[in-house]
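Following our numbering, the numbering of the sequence shown begins with 1 at its first residue and continues without gaps. Below is one structure, written out as structure tokens; the observations come after it.
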Amino acid sequence: MGLKLRPTTSLRRMLDRYEEHLIVAVGAQNPLYARMVEALGFDVVYMPGSCTSMERIGWADVNLITATEVVENARRIAIVVNVPVIADADNGYGNAINVMRTVREFIRAGVAAIHIEDQVLPKRCGHLKGKLLISKEEMVGKVKAAKKVINEEDPDFVLIARTDARNAVGGGLEEAIERLKAYVEAGADVAFADALMSREELERVVKEVEAPVLYNMLGLSPRLPLDVCHEMGVAVVIFPFASFLPAITAVWDFLKDLKARGTQAFVELEERPREHPLGNLRAIFDFTGYGEIQEWERAFLPPAEVKLRYEKSIGL
């Protein structure tokens with residue numbers, strides 16, 4: 001059996017053949033949802049900044065969450081899955097010098113790629129009003145600084161340069177394309193124009209920017225079929241809210257029911273998903289590694305302790 005590929009190398013190989021296979025990166029802002037993304041056969045886990053902010057600190061994506069919190073969240077996700085993880089690194093949390101540390105921390109956290117954007121600090125979600133841009137020249141410096149660290153730490157680590165110019169103050173599609181060209185020339189591996197407004201705009205980015213292109217299936221941008229994205233020449237599609245949106249809507253609906261009907265609402269919740277792969281407590285524990293942990297206990301703990309634990313207790 002050969003050695004397992006590093007996540008960075010694995011993602012590099014995917015990018016080398018994106019013309020044959022579109023890379024689909026599915027949003028997961030916590031380790032449990034990342035396990036689900038991997039279990040269901042998706043190529044890549046994507047850790048979205050907006051969902052990470054809302055889940056970790058309960059605030060909208062306006063740069064209130066710290067770099068330390070975001071990196072730690074990425075680390076927890078990367079450690080439980082074998083597929084590559086792409087993480088949202090916002091604007092790098094400062095200038096080019098700050099970006100150098102940011103990149104190093106994400107590399108050492110075990111993710112395969114990050115994207116860094118050209119918004120000012122503090123930034124905000126790319127699909128909100130009120131965005132301001134740093135200069136193209138400053139962002140080029142950030143890209144070059146990031147690549148210096150990448151070449152020192154892990155040359156396979158993938159740097160995605162994102163521009164928010166399409167819908168920012170003073171921006172537009174032409175500005176977004178010109179910025180991406182400059183960022184790719186500075187060393188970015190993948191180009192990402194956020195908040196594109198039409199299929200035609202995406203087609204122009206793919207045609208005019210000489211690099212693999214990432215497309216964000218969110219907010220202002222059209223929901224394009226994956227086969228259309230592939231035929232168009234897109235390399236990566238991300239679905240940032242793929243786990244967050246169904247989770248928060250389902251929880252809201254159940255809590256509303258619990259408030260209205262009390263225990264009976266919970267009884268019906270437990271009865272409803274019996275045939276679901278994660279429809280009972282033991283299934284959830286097994287999905288998150290409990291069966292494997294029991295095997296480790298039998299292999300590595302004193303036999304008398306294992307016998308005591310499982311013969312003298314009651315449970316699932």
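Every residue gets a Cβ at the ideal spot worked out from N, C-alpha and C, and that includes glycine. Owing to the predicted nature of the structure, the values given are computational and were not obtained by experimental measurement.
Contact belief for residue i with residue j at Cβ below 8 Å, rounded distance in angstroms
i, j, result
"E109", "R162", "One detail in the question is off: residue 109 reads as Ala in this sequence, not Glu. A109 to R162, Cβ: 19 Å. No contact."
"A146", "H115", "Not really, about 11 Å apart at Cβ, beyond 8 Å."
"N91", "K123", "5 Å"
"V43", "V62", "For the record, residue 43 in the displayed sequence is Asp; it is not Val. 30 Å between Cβ atoms; not a contact."
"L258", "F266", "6 Å"
"V71", "E105", "5 Å"
"F241", "L218", "6 Å"
"V149", "A112", "Not quite, the Cβ-Cβ distance comes to about 15 Å (not below 8 Å), so this is no contact."
"R204", "I177", "7 Å"
Minimum C-alpha distance to residue i - residue among the options
i, options, result
"V137", "F266, L218, E185 and L316", "According to the sequence shown, residue 137 is Glu rather than Val. Closest option to E137, Cα to Cα, is E185."
"G172", "A211, L132, G141 and K148", "L132"
"Y93", "T66, K256 and V83", "T66"
"V151", "G130, A176, A188 and V213", "Checking the displayed sequence, the identity of residue 151 turns out to be Asn instead of Val. It is A188."
"T8", "I77, D61 and V83", "V83"
"S135", "R179, D156 and A112", "R179"
"Y33", "H276, Y46, V62 and L22", "Y46"
"I79", "Y310, F241 and R6", "R6"
"V120", "A39, K256, A165 and E208", "A165"
"E153", "E203, T102, A96 and R13", "T102"
"C125", "E69, E203 and L64", "L64"
Host alpha helix (DSSP H) of residue i (start-end)
i, result
"V83", "Where V83 is concerned, there is no enclosing alpha helix (DSSP H), given that its DSSP letter is neither H nor E."
"I150", "K136 to E153"
"K123", "Note, K123: premise wrong, no alpha helix (DSSP H); not H, not E."
"L226", "L226 to M232"
"Y310", "P303 to E311"
"Y183", "L173 to E185"
"S10", "P7 to D16"
Where the beta strand (DSSP E) through residue i begins and ends
i, result
"G27", "I23 to G27"
"L245", "Not the beta strand (DSSP E): L245 falls in the alpha helix (DSSP H), residues F244 to R261."
"R162", "V158 to T163"
"Y290", "Run containing Y290: none in the beta strand (DSSP E); it sits in the alpha helix (DSSP H), Y290 to F300."
"F192", "V190 to A193"
"I238", "V236 to F239"
"L214", "V213 to N216"
If you pair each beta-carbon of the region 45 to 54 with each one of the region 23 to 30, do three or more pairs fall below 8 Å?
Yes, since at least three Cβ pairs between the region 45 to 54 and the region 23 to 30 fall closer than 8 Å, the two stretches touch.
Continuous alpha helix (DSSP H) assignments of at least 4 residues falling wholly in the region 33 to 115
Fully enclosed alpha helix (DSSP H) runs of 4 or longer: 49 to 56, 67 to 78 and 96 to 109.
Meets three-Cβ-pair contact criterion under 8 Å: the region 225 to 233 and the region 242 to 256:
With fewer than three CB-CB distances shorter than 8 Å, the region 225 to 233 does not count as touching the region 242 to 256.
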